[in-house]
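What follows is a set of notes on a single structure, which appears directly below.
Residue numbers (the working numbering), protein chains in the order written: chain E, 1 to 297; chain Y, 1001 to 1297.
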């Protein structure tokens, strides 16, 4: 595996691969790899000839009071994990090269960046969109793999590449979980034992919602109430948001029709965790609704 | 000359040229070509194997009360002029393809977009930066030629390609003028005979400033006063701004040291015209200043 620090070396490597007509899949990360990251890398390896993993703890997507400085870092460990997973190249540029003196150009995806995580993290998605565009322009991958845990990020990036004509295929990877259901996250390392128990409330709340929908309840207020109640029954939890709405527009809905996104952000102690699931209205429910409206399928 | 309307066809053409290892120079335009445009195209032809001229009247860079609808258009005439100038490809995408439904991604170059034209045209440079980035991503030129008449635009684009790592060499082309000095502009077609006379006040004011500097006057307030006085002596003129400052940072200065940008925006009737020049402090003046400060070179 090549470890590349300089932007110009990265470009040269990409050019060589392009000349050999090799396809490139990219996995942008902030490092401190867990099985979720490794799973994205394996998917990338199955889909393309070469896999580039970028490792960049992006200051622009952290708010002033967020955890930029204590965000976990371990380049040596990450390099070994990436190499063992079959990655072709680990690209870890310096902050001073990515944001040189006088840097002042920002990419904003207006509507999709608002609401959900955008409410409590107002410049977060500006930082995400800008760094991902820069990485795509430098590496020119054919495809890039993103975890579905950051669902809003995934939709922001999908919209950005469409709007800016960046020729990269965005592939979503399902959330990878611990055996008990906790979604993998580098931030899980912040949790103590008691907090680790409370952190499970997110996954459990998603399951409660799934069961409600499966049993025919499609009322958004009722589902949100049950989700909140469950999370609040755990110690040291503070809900940032519970969102239920359209997976593409990220606008809230009043009833679940077809497919809806249930997304959570919850503080557990000083750690902010997110999780989500797609709630699917059952086929027989759709039938019932149409019947109640008097319009048989 | 190829005339290409579709983004995907444009990409295919570029790919063919790339496979033949041909270099590409791009000239982004809003059409209604005058000698200024043709001069950019000739420069492009001297520097690269293939020249792509884009023709797109970009709604996103017009304000709500600006001249988008009456902006002059003549595709047939433009195509003939481009072909006669040796252009390889005229790319004229549709608005609906450049800004598809749900479009919401914007590129902002923060500091450089403020002041000068940014004051009276608040979203103008956001529109410029976004369309130019999109065109660069689609056409992937090795270089792009921009007229120095839109000096602030030139600096915004230079900063943007640097900040977003877009690998394109930005080349500035000197302002092309009528024999009497009026800077060429598609908007000159709006001027009636009386306004055409008043329009000359911009170039004349620049010349007055150049003479002042040549004769040793480096006081910014005095130069601005003389420039304003000259323009206001013409009928039907209304000054939008007179800027004198650093050519790179676009911050105002108090004295001319080294090189300074003098940039003007003036309404002549209902037509807004811009012009600029670089004022260069004479070598012997720099010497005098250093002497007055007691620091001999």
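Beta carbons: idealized from backbone N, C-alpha and C, even for Gly.
Beta-carbon proximity list for residue 1005/Y, same chain, < 7 Å, skipping 5 on both sides: 1092, 1093 and 1094
Residue 1242/Y - containing beta strand (DSSP E), residue span: 1237-1245
Coil, strand or helix - residue 1091/Y by DSSP: strand
Residue of 1032/Y, 1256/Y, 1164/Y and 1045/Y minimising C-alpha distance to residue 1244/Y: 1256/Y
Chain E contact for residue 1251/Y (CB, 7 Å cutoff): no
Whole-angstrom distance between residue 216/E and residue 297/E, CA atom to CA atom: A caution first: residue 297/E carries a pLDDT of 35, below 50, which makes its placement in the model too unreliable to give a value.
Straight-line gap, residue 169/E to residue 88/E (C-alpha atoms, nearest Å): 19 Å
The segment 119-127 of chain E in contact with the segment 1061-1072 of chain Y per 3-pair CB rule at 8 Å: no
Rounded distance between the beta-carbons of residue 1028/Y and residue 1144/Y, thought under 8 Å: 7 Å
Whole-Å CB distance - residue 177/E paired with residue 151/E, under 8 Å assumed: Not a contact, Cβ separation roughly 15 Å.
Contacts around residue 135/E, its chain only, beta-carbon distance under 6 Å, and the 5 residues preceding and following it disregarded: 28 and 54
One or two residues paired with residue 276/E in a DSSP bridge: 263/E
Residue 1180/Y burial status per 10 Å Cβ neighbour count (16 or more: buried): exposed
Bridge partners - residue 1029/Y, DSSP secondary structure assignment: 1055/Y
Residue 1164/Y versus residue 104/E - alpha carbon distance: 10 Å
Selection of the segment 1098-1109 of chain Y by Cβ proximity to chain E, strictly under 9 Å: 1098, 1099, 1100, 1102, 1103, 1104, 1105, 1106, 1107, 1108 and 1109
Residues of the segment 1157-1189 of chain Y with Cβ closer than 8 Å to any Cβ of chain E, in chain order: 1159, 1160, 1162, 1163, 1164, 1165, 1166 and 1167
Complete runs of the beta strand (DSSP E) confined to the segment 148-211 of chain E [at least 3 residues]: 169-173
Residue interval of the alpha helix (DSSP H) (run including residue 1119/Y): 1117-1120
Residue 158/E versus residue 1208/Y: straight-line alpha-carbon distance, rounded: 53 Å
Under 7 Å between C-beta atoms of residue 1171/Y and residue 1149/Y: no
Cβ neighbour criterion (16 or more within 10 Å) applied to residue 1019/Y: exposed
Endpoints, the alpha helix (DSSP H) within which residue 105/E is located: No alpha helix (DSSP H) contains residue 105/E, which is instead part of the beta strand (DSSP E) from 105-109.
Assigned secondary structure, residue 1006/Y (DSSP; H/G/I helix, E/B strand, else coil): coil
Neighbour flag for residue 131/E against chain Y, beta carbons, 7 Å: no
Unbroken alpha helix (DSSP H) run spanning residue 1226/Y, endpoints: 1220-1232
Local conformation of residue 1145/Y per DSSP, three classes: strand
Inter-residue Cα distance where the pair is residue 24/E and residue 278/E: 29 Å
Residues within the segment 1133-1148 of chain Y neighbouring chain E, beta-carbon criterion of under 7 Å: 1133, 1134, 1137 and 1138
7 Å Cβ cut-off: residues of chain E touching residue 1111/Y: 104
Residue 39/E: first and last residue of the uninterrupted alpha helix (DSSP H) it sits in: 35-47
Segment contact flag, the segment 1107-1118 of chain Y with the segment 1028-1038 of chain Y, C-beta cutoff 8 Å, min 3 pairs: no
Candidates 1261/Y, 1212/Y and 1060/Y: closest to residue 1100/Y by CA position: 1060/Y
Host alpha helix (DSSP H) of residue 138/E (start-end): 124-139
CB-CB length for residue 1265/Y against residue 1272/Y, believed under 8 Å: 6 Å
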